[in-house]
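Enquirer: Mind having a look at this structure? Questions to follow.
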Amino acid sequence: MRTDFDIYRYATVNSYCTQNKKMGLKEDDTTLRYRRAQSVTTAEDITEKEKKARRSQFDKPCHKPRDSLFSWSSKFTNFTGLVNWGFLMLTISGLRLCLENFLKYGIRVNPFEWVIVLTGYNEDYNHQYPSVILLIFSGVIPIVCLLVEKAIAANVISDRVGGTIQILIILFEISLPVIALNLTNQEFNIVGISTVCMVYLILFLKLWSYCQTNHWCRLAAKGNHSNSMRRQSLSMPNCKNLDNDVTTGIVQYPDNLSLKDLFYFLLAPTLCYELNFPRTTRIRKRFLIKRIVEVIFGVNLVMALFQQWMIPAVQNALDPFSQMDYVRIVERLLKLAVPNHLLWLCFFYLTFHSFLNLMGELLHFADRNFYGDWWNAKNISIFWSSWNMPVHIWAVRHVYVPVTNMGYSKGVSAILVFFISAFFHEYVVSVPLQMFRVWAFLGMMAQPPLAVISKVFEQRLGDRWGNMVVWASLILGQPLAIMMYYHDYAVAHFNS
Numbered sequence: 001m002r003t004d005f006d007i008y009r010y011a012t013v014n015s016y017c018t019q020n021k022k023m024g025l026k027e028d029d030t031t032l033r034y035r036r037a038q039s040v041t042t043a044e045d046i047t048e049k050e051k052k053a054r055r056s057q058f059d060k061p062c063h064k065p066r067d068s069l070f071s072w073s074s075k076f077t078n079f080t081g082l083v084n085w086g087f088l089m090l091t092i093s094g095l096r097l098c099l100e101n102f103l104k105y106g107i108r109v110n111p112f113e114w115v116i117v118l119t120g121y122n123e124d125y126n127h128q129y130p131s132v133i134l135l136i137f138s139g140v141i142p143i144v145c146l147l148v149e150k151a152i153a154a155n156v157i158s159d160r161v162g163g164t165i166q167i168l169i170i171l172f173e174i175s176l177p178v179i180a181l182n183l184t185n186q187e188f189n190i191v192g193i194s195t196v197c198m199v200y201l202i203l204f205l206k207l208w209s210y211c212q213t214n215h216w217c218r219l220a221a222k223g224n225h226s227n228s229m230r231r232q233s234l235s236m237p238n239c240k241n242l243d244n245d246v247t248t249g250i251v252q253y254p255d256n257l258s259l260k261d262l263f264y265f266l267l268a269p270t271l272c273y274e275l276n277f278p279r280t281t282r283i284r285k286r287f288l289i290k291r292i293v294e295v296i297f298g299v300n301l302v303m304a305l306f307q308q309w310m311i312p313a314v315q316n317a318l319d320p321f322s323q324m325d326y327v328r329i330v331e332r333l334l335k336l337a338v339p340n341h342l343l344w345l346c347f348f349y350l351t352f353h354s355f356l357n358l359m360g361e362l363l364h365f366a367d368r369n370f371y372g373d374w375w376n377a378k379n380i381s382i383f384w385s386s387w388n389m390p391v392h393i394w395a396v397r398h399v400y401v402p403v404t405n406m407g408y409s410k411g412v413s414a415i416l417v418f419f420i421s422a423f424f425h426e427y428v429v430s431v432p433l434q435m436f437r438v439w440a441f442l443g444m445m446a447q448p449p450l451a452v453i454s455k456v457f458e459q460r461l462g463d464r465w466g467n468m469v470v471w472a473s474l475i476l477g478q479p480l481a482i483m484m485y486y487h488d489y490a491v492a493h494f495n496s
């Protein structure tokens with residue numbers, strides 16, 4: 001029995017042959033071609049007729065062509081229930097771990113100890129607070145840098161001499177915690193001096209940006225702005241004289257050299273200095289209250305998790321490392337990975353969202369690009385360029401671009417950026433522990449090779465596997481470094 005499609009195809013072929021005969025062509029001179037159907041509608045009509053014919057049968061058909069939901073070809077994407085199940089299982093597992101921790105160690109949370117630890121209070125040294133003293137003194141060094149900048153702008157000292165003095169000042173600033181630890185009789189607790197090192201590191205990066213940006217402005221004012229420097233138009237402030245209508249309300253060099261401008265930059269949630277920051281017009285009170293509540297709650301949560309969960313987990317990992325029992329080391333690593341990763345996620349949200357948005361709102365700072373969607377990173381390179389945007393922008397603006405403009409390749413510039421980052425990672429760990437190890441340094445220098453490996457996973461196995469490599473490095477890499485540092489610290493400072 002012929003279908004409508006067969007009849008249409010037969011009529012098309014006959015029409016094609018008749019047309020060739022009228023043109024005087026033989027059948028051997030041409031190749032028979034089939035024309036496409038007029039539209040997809042014909043095939044759909046045939047399919048619909050078959051469905052109607054099947055439904056009209058008395059066997060009551062209930063099957064039709066379809067794929068299982070877990071098959072990629074099914075195009076099913078609604079897995080909300082499984083996500084809810086995963087969160088519920090994580091919640092149950094977390095509650096079980098909390099109960100196990102409370103039953104084994106009791107309640108270790110003591111808020112009064114947090115104040116002692118954070119301030120560096122030492123009862124054995126006439127009730128002194130060495131960490132607080134260092135934090136207060138950190139406000140003196142930027143004033144010295146400002147005075148030097150004013151002297152350079154007034155031509156009291158040359159640009160070369162002033163630049164050398166600025167370099168010596170910021171090098172002294174970053175070395176001051178080391179000097180205070182080794183050349184004084186003060187005793188610092190680890191958390192107090194860690195806070196000091198972090199603050200002094202942030203101040204070092206800010207002063208680097210402050211001095212270099214003012215140097216760019218002096219070059220522009222003197223007309224020595226080379227072509228290679230003009231390529232930095234996106235990162236450098238425009239210090240040239242513009243029309244009066246355009247520059248109304250715009251601060252220009254050297255009018256920016258004031259205490260108000262300097263301390264606004266030191267408090268602003270950015271590491272890169274500009275003469276004119278983008279500002280908001282008002283403070284959103286509801287947004288501000290939310291951030292304040294998040295900061296208060298987050299600080300208490302982080303301290304409680306650290307005191308109740310992290311410290312016992314780290315202490316219990318000492319014996320397997322000392323005995324080099326690899327099976328128990330892996331077990332302790334996996335056990336430490338859960339509280340460490342949870343603490344790291346809380347610290348990320350507390351710092352980069354709650355605290356930096358709080359400071360930005362109070363200071364009317366409009367650029368709130370503090371982090372990207374690093375959780376979706378397909379490889380390690382994307383993660384490092386999106387999880388800490390203030391540091392990433394600083395590294396690109398003040399290290400990567402200037403080094404590239406000096407004629408070095410992008411690869412050399414990237415390695416230099418990771419070297420500086422590795423050095424300061426080691427700085428904020430080894431200085432408070434008062435012992436030099438290279439675990440943090442090696443961990444950071446291993447990131448470029450790991451970035452290559454994650455890109456291989458991404459290209460050959462897909463984006464999902466590349467993202468899993470990123471998460472695995474975060475979950476397992478940090479607790480491994482913590483276990484190694486604690487083992488070395490215990491060997492150096494404990495009797496047994």
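Residue numbering for the sequence shown follows full-length UniProt numbering, beginning at 1 and increasing consecutively. All C-beta atoms in this analysis are idealised placements derived from N, C-alpha and C, irrespective of residue type, glycine included.
1) Quick check: the Cα distance between R328 and L103, rounded to an integer number of angstroms?
2) Helix, strand or coil, according to DSSP, for R66 in the structure here?
3) Across which residues does DSSP place F365 in a beta bridge pair?
4) Which residues in the same chain have their Cβ closer than 6 Å to the Cβ of R230, if we skip the five residues on either side of it in sequence?
5) Suppose contacts are defined by Cβ-Cβ distances below 8 Å. Is L69 in contact with F76 by that definition?
6) Cutting at 6 Å between CB atoms, please list the residues of its own chain near P320, excluding the five before and the five after it.
7) Between the stretch 426 to 443 and the stretch 465 to 485, do at least 3 Cβ pairs fall closer than 8 Å?
8) Just to confirm the assignment, what range does the alpha helix (DSSP H) spanning I193 have?
9) Quick one: grab the DSSP three-state call for I380.
10) Please confirm whether V302 and L336 have their CB atoms less than 8 Å apart.
11) Cα separation between I453 and I382?
12) Please confirm if the stretch 274 to 289 is in contact with the stretch 440 to 454, defined as three or more CB-CB distances below 8 Å between the two stretches.
13) To the nearest angstrom, how far is the alpha carbon of P111 from that of L176?
14) Please classify L242: does DSSP put it in a helix, a strand, or coil?
15) Between the Cα of F352 and the Cα atoms of R368, N340, P339 and L342, which residue gives the shortest distance?
16) Does I190 pass the burial test, meaning 16 or more other C-beta atoms within 10 Å, or should it be called exposed?
17) What do you get for residue 514, buried or exposed, if any count of 16 or more other CB atoms within 10 angstroms of its CB means buried?
18) In terms of alpha-carbon separation, which member of Q57, G298, W309 and V132 lies closest to F348?
19) Please classify T404: does DSSP put it in a helix, a strand, or coil?
20) Can you tell me which of the three DSSP states C272 falls into?
21) So, with DSSP's three-state summary, where would you put F58?
22) When you compare only the Cα positions, how much space is there between C145 and A268?
23) Determine the contact status of I141 and I165, defining contact as a CB-CB distance below 8 Å.
24) What residue from N182, L362, F188 and W471 has the CA that sits closest to P130's CA?
25) Please name the residue, chosen from E173, R108, C272 and K52, that lies closest to V391 on a Cα-to-Cα basis.
26) Assuming L203 and E173 make a contact with CB atoms under 8 Å, what is their CB distance in whole Å?
27) Exposed or buried, what is Y326 when buried is set at 16 or more other beta-carbons lying within 10 Å of its beta-carbon?
Expert: According to the data block:
1) 22 Å
2) coil
3) R279
4) Its pLDDT being 39, under 50, R230 is placed unreliably in this model, and the coordinates cannot settle the point.
5) yes
6) R328, I329 and R332
7) yes
8) I190 to A221
9) helix
10) no
11) 13 Å
12) no
13) 30 Å
14) Confidence is the limiting factor: at L242 the pLDDT is only 48, short of 50, which leaves the residue's position unreliable and the question unanswerable from this model.
15) R368
16) exposed
17) Nothing about residue 514 can be read from this structure; the chain reaches only from 1 to 496.
18) G298
19) helix
20) coil
21) coil
22) 18 Å
23) no
24) F188
25) C272
26) 6 Å
27) exposed
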